[in-house]
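I have placed the structure first, in the form of structure tokens, so that the comments after it can refer back to it.
There are 2 protein chains.
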Amino acid sequence: MPANKQFLLDSRPKGEASASNFRMVTSETPPLKDGEVLVRHHYLSLDPYMRGRMDEARSYATPQPLGEVMIGGTVGEVVESRSPKFRAGDKVVGMGGWQEYSVVATDQPGTLRKVDTTHVPISHYLGAVGMPGVTAWYGLMKIIEPKAGQTIAVSAASGAVGSALGTLAKTHGCRAVGIAGGPEKCRYVTEELGFDACVDYKQHGDALSLSKALKEACPNGIDGYFENVGGMVMDAVMLRMNDFGRMAVCGMIAGYDGKPVPMSYPQVILRSRLKVQGFIVSEHPEVWQQALLELGALVGTGKLRPRESVAQGLESAPEAFLGMLKGRNFGKQLVKLA
Amino acid sequence: MPANKQFLLDSRPKGEASASNFRMVTSETPPLKDGEVLVRHHYLSLDPYMRGRMDEARSYATPQPLGEVMIGGTVGEVVESRSPKFRAGDKVVGMGGWQEYSVVATDQPGTLRKVDTTHVPISHYLGAVGMPGVTAWYGLMKIIEPKAGQTIAVSAASGAVGSALGTLAKTHGCRAVGIAGGPEKCRYVTEELGFDACVDYKQHGDALSLSKALKEACPNGIDGYFENVGGMVMDAVMLRMNDFGRMAVCGMIAGYDGKPVPMSYPQVILRSRLKVQGFIVSEHPEVWQQALLELGALVGTGKLRPRESVAQGLESAPEAFLGMLKGRNFGKQLVKLA
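Chains X and R are the protein sequences, given in the same order.
Quick note: the first sequence, position 200, residue 200 per our numbering, numbers continuous.
Each position in the second sequence, counted from 1, maps to that position plus 338 in our numbering.
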């Protein structure tokens, strides 16, 4: 059995998360039992939701237990199988965690899924054709419910969720407007992803200034907004929402470190008769098949060209994760493991 | 033609509204043209939305013009008619404004409606069997969508909207929990309106303290919340919302004076996957008939016994209005005009 490097959650953050919250260990992968497969991970996905799991506090999910392997999505290859459902060589996506190998009991539905890497690079099954892509799809189709001609905005637009959101909005005949940090990301959002406009929030010191810039980018206001960050960006967008606008709330990165991040203008919810709705994509398994089909087609035909930030080797995972929480990644943050 | 005392909006408030924003004048009601009726107002309704209309700022409605009669709902009696639709003696509800008489062109649909005062006192057509009642009905039935056994909370529970909301929630098999200011209002809410519990927000200095009291009143959490006030009360309730809870946002009194009143815990929207939705009942004419039917039955059968604060004479309207904005009324705030 191969040696398996792993990252455990060693302590819970007090305020901001730090590398010292994680501890690397090496173990031997256990021998397979009947029904199990051994997967060698090619990529580990790093996602904002992980920060929430690190806390003891009530969240929508059970906390990550201390001393156990950090939770995380992975893609890789079956290297040994004692399951009739998989054979060595199969490419698979699952929740293998922050480690190089995982042993998976395949009799539980949904733990491991075979993927076709003919037209879609395997890493994209952690991004545009995976959980982040389905997240964008659900928020857009089930909460925002876009209509042709409407303006749809998204924060963290160059990221895995944002890029899929904008591309999907365009396919529905909408004006897609991104919000991202820095000229390089904004250029990518408009030139490579095909958004109609992108506003660099780093050019603005407060919500009112950012809101003015959004007015230029959204001359007809904003009908649908996909919220990935919260805080100042959310405030600025709310001031531009049209009557009967819809806000899908998927992330509040600004608040993950326990600092209170209020919504400054809740009266807009009444004034503009907004619907503001939070969701977690894993609670809506019924949409995954259709969503993945549409997203796979967008990537396979080149209509969606997701960008990735790839850190090398499991050792780099903590720093890459902390950097992502600060927006230092550009596109989907991955760790290459093999 | 009778002399008609009127209140005009004389100036827009800077911050808090004051009596000096209104000016009383006396005019003669003009002679009727064909299709018009003259209505003598028995009661004027005072409602929180009027504060929003006093501002120039963008609101969901056009601002009240300066120098014109203040907008307002009225019930009264037709005293002269040149319309085939009404005859002298008819009891009617309409938007007659802050004045003793109004001349109404009856060819525009919805301007004036005959009401039956056999089982329902006329004043209730401005409250439980009028706009406030339908407001409660819409928020409950179309946004909160109550299920038997769930807990439904409402702020300003002793008011016209709140009392109807709680009574309706009870008829749907829900636990109804009110939030009101002071022991007298709370006693009325539980003993006369039949709510299961009522929390006195004036006993609490901050949202966390109020939230603890709500935990006792709502041992199974809160599934639906009808928001009439905003601010600290909203914050406290949000901390108690159950997963997939619904918040119908109808009022933000706390913010009407232009002071910023942030939402302190917007991350709860994500964490608990809430739906938070603003609405204005006048935009949903399709529900009025059914809602008024149900509300009329509740009042007619004594299941809903709305309370009223009645100020005497048009002269008292500004002070009564300003007092209502500060929560000094007890139940529906009216001005008796005849």
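Just so you know, even glycine gets a beta-carbon here, dropped at the ideal spot from N, CA and C.
Please determine, among the options, the residue with the shortest C-alpha to C-alpha distance to residue i.
i: X/Gly162; options: X/Gln150, X/Gly149, X/Gly194; result: X/Gly194
i: X/Gly127; options: X/Val268, X/Leu112, X/Arg305; result: X/Arg305
i: X/Gly52; options: X/Leu8, X/Asp34, X/Ala17; result: X/Ala17
i: R/Glu406; options: R/Val575, R/Gly487, R/Gln627, R/Ser349; result: R/Ser349
i: X/Glu77; options: X/Ile122, X/Lys212, X/Gln108; result: X/Ile122
i: X/Glu308; options: X/Pro266, X/Thr62, X/Ser45; result: X/Ser45
i: R/Arg578; options: R/Tyr603, R/Leu660, R/Cys588; result: R/Tyr603
i: R/Asn667; options: R/Ala494, R/Thr449, R/Tyr381; result: R/Ala494
i: R/Cys556; options: R/Met479, R/Ala514, R/Gly640; result: R/Ala514
i: R/Asp372; options: R/Phe659, R/Gly410, R/Thr444; result: R/Thr444
i: X/Leu112; options: X/Gly94, X/Gly327, X/Gln290; result: X/Gly94
i: X/Asp116; options: X/Ala197, X/Glu216, X/Gly89; result: X/Gly89
i: R/Val413; options: R/Pro369, R/Gln446, R/Ser419, R/Val467; result: R/Val467
i: X/Met70; options: X/Arg87, X/Gly296, X/Gln99, X/Ser81; result: X/Gln99
i: X/Pro285; options: X/Asp47, X/Val79, X/Pro109, X/Leu9; result: X/Pro109
i: X/Pro146; options: X/Glu216, X/Phe226, X/Lys14; result: X/Phe226
i: X/Trp137; options: X/Ser316, X/Gln312, X/Gln290; result: X/Gln290
i: X/Val25; options: X/Gly296, X/Ala169, X/Lys5, X/Leu9; result: X/Lys5
i: X/Gly178; options: X/Gln203, X/Ala207, X/Leu214; result: X/Leu214
i: R/Val492; options: R/Met469, R/Pro521, R/Tyr539, R/Lys423; result: R/Tyr539
i: R/Thr639; options: R/Lys452, R/Gly410, R/Val458, R/Asp581; result: R/Val458
i: X/Met131; options: X/Leu9, X/Gly73, X/Ala197; result: X/Gly73
i: X/Glu238; options: X/Glu216, X/Ala169, X/Ala207; result: A quick correction: the sequence has Met, not Glu, at residue 238 of chain X. When each option's Cα is compared against that of X/Met238, the closest is X/Ala207.
i: X/Ala169; options: X/Asp196, X/Lys326, X/Tyr188, X/Leu32; result: X/Asp196
i: R/Glu530; options: R/Lys641, R/Glu621, R/Leu663; result: R/Lys641
Between which two residues does the beta strand (DSSP E) carrying residue i extend?
i: R/Ser365; result: 360 to 366
i: R/Ser440; result: 439 to 443
i: X/Leu325; result: Where X/Leu325 is concerned, there is no enclosing beta strand (DSSP E), although the alpha helix (DSSP H) it sits in stretches over 317 to 325.
i: R/Thr489; result: 489 to 493
i: X/Leu334; result: 332 to 336
i: R/Ser647; result: 646 to 650
i: R/Ala341; result: 341 to 347
Run through the DSSP bridge pairs and tell me what residue i is partnered with.
i: R/Asp538; result: R/Ala518
i: R/Glu565; result: R/Val587
i: R/Gly414; result: R/His379, R/Val430
i: X/Arg113; result: X/Val93
i: R/Glu483; result: Answer by DSSP bridge pairing: none, since R/Glu483 is not bridged.
i: R/Glu374; result: R/Ala443
i: R/Val407; result: R/Leu346
i: R/Ser419; result: R/Val375
i: X/Arg175; result: X/Thr151
How far does the alpha helix (DSSP H) with residue i in it extend, from its first residue to its last?
i: R/Gly432; result: Careful: R/Gly432 lies outside any alpha helix (DSSP H), inside the beta strand (DSSP E) at 429 to 432.
i: X/Leu270; result: 267 to 271
i: X/Val237; result: 232 to 238
i: R/Gly616; result: Taken as a continuous stretch (DSSP letters only), R/Gly616 belongs to no alpha helix (DSSP H), being part of the beta strand (DSSP E) at 613 to 616.
i: R/Thr639; result: Segment: none, R/Thr639 is in no alpha helix (DSSP H) and carries neither H nor E.
i: R/Leu506; result: 498 to 509
i: X/Lys215; result: 207 to 217
i: R/Val458; result: It is not in any alpha helix (DSSP H) - R/Val458 carries neither H nor E in the DSSP assignment.
i: R/Arg391; result: 387 to 391
i: X/Met131; result: 131 to 138
Under the assumption that residue i contacts residue j (Cβ atoms under 8 Å), give the Cβ distance between them as a whole number of angstroms.
i: X/Val287; j: X/Val92; result: At roughly 21 Å, the Cβ-Cβ gap does not stay under 8 Å, so X/Val287 and X/Val92 are not in contact.
i: R/Ile481; j: R/Ile490; result: So it is not a contact: roughly 11 Å between Cβ atoms.
i: R/His379; j: R/Ala676; result: 7 Å
i: R/Gly519; j: R/Leu503; result: The pair is not a contact, with the Cβ atoms about 16 Å apart (cut-off 8 Å).
i: R/Val571; j: R/Leu548; result: 7 Å
i: R/Pro401; j: R/Glu394; result: 6 Å
i: X/Val37; j: X/Ser83; result: 5 Å
i: R/Val614; j: X/Val103; result: The pair is not a contact, with the Cβ atoms about 43 Å apart (cut-off 8 Å).
i: R/Arg611; j: X/Ile280; result: 6 Å
Are the beta-carbon atoms of residue i and residue j separated by less than 8 Å?
i: R/Pro636; j: R/Thr456; result: First, the residue type needs correcting, since residue 636 of chain R is Leu and not Pro in the sequence shown. Not in contact: R/Leu636 and R/Thr456 (Cβ atoms no closer than 8 Å).
i: R/Asp573; j: R/Met601; result: yes
i: X/Thr29; j: X/Tyr101; result: yes
i: R/Arg584; j: R/Gly562; result: yes
i: X/Leu314; j: X/Phe7; result: yes
i: R/Gly497; j: R/Lys670; result: yes
i: X/Val335; j: X/Tyr49; result: no
i: R/Val599; j: X/Leu270; result: no
i: R/Gly543; j: R/Gly511; result: no
i: X/Pro318; j: X/Ala3; result: no
i: R/Leu370; j: R/Glu418; result: yes
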